[in-house]
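Here is the structure we will look at, set down as structure tokens.
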């Protein structure tokens, strides 16, 4: 089973940028849909962005045009570049891997993003 380690969160002012990283214990290329999810305080976890093995991208409407998901296969790492951050982006962000055949999923431990002046 894949183990994921999330990092890169922090405190940033509105309009600022952060880049989150998710390092996988195994080779993720070709076998996993990788995604970022977030859970705002007091709310349910929601999809932010996903990238499929063939590179198709999907974004939540709320982050389209501001966030970019990408991957570095050689580093077994998935990134979430977040620009033009808003206070409503404040949340715990989690990386998720989903095996394309078994459907088995793994989650990172989460990293907290706080957007505040």
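Residue numbers (the numbering used here): 1 to 117. Note that beta-carbon positions come from the ideal geometry of N, C-alpha and C, so glycine has one too. On a predicted model such as this, the values are computed, not experimentally measured, just so you know.
In whole angstroms, what separates the C-alpha of residue i from that of residue j?
i, j, result
"residue 69", "residue 42", "25 Å"
"residue 72", "residue 51", "12 Å"
"residue 59", "residue 46", "11 Å"
"residue 112", "residue 94", "9 Å"
"residue 64", "residue 29", "24 Å"
"residue 74", "residue 26", "11 Å"
"residue 49", "residue 57", "7 Å"
"residue 78", "residue 110", "14 Å"
In chain order, what residues of the same chain lie with their CB nearer than 6 Å to the CB of residue i, ignoring the 5 residues before and after it?
i, result
"residue 89", "115"
"residue 66", "83 and 84"
Span of the beta strand (DSSP E) holding residue i?
i, result
"residue 96", "91 to 99"
"residue 7", "4 to 7"
If you measure between the beta carbons of residue i and residue j, is that distance less than 8 Å?
i, j, result
"residue 10", "residue 19", "no"
"residue 23", "residue 85", "no"
"residue 101", "residue 53", "no"
Might you give, ordered along the chain, the residues of its own chain that have their beta carbon closer than 8 Å to the beta carbon of residue i, omitting 5 neighbours on each side?
i, result
"residue 104", "1 and 98"
"residue 96", "4, 34, 35, 36, 37, 105, 106, 107 and 108"
Within a Cβ cutoff of 7 Å, which residues of the same chain sit near residue i, ignoring the five residues on either side of it in sequence?
i, result
"residue 142", "The question about residue 142 has no answer, for the chain in this structure spans 1 to 117."
Residue ranges of each beta strand (DSSP E) within the segment 28 to 110, 3 or longer: Within the segment 28 to 110, the complete beta strand (DSSP E) runs of at least 3 residues are 32 to 39, 46 to 51, 57 to 59, 67 to 72, 77 to 82, 91 to 99 and 105 to 107.
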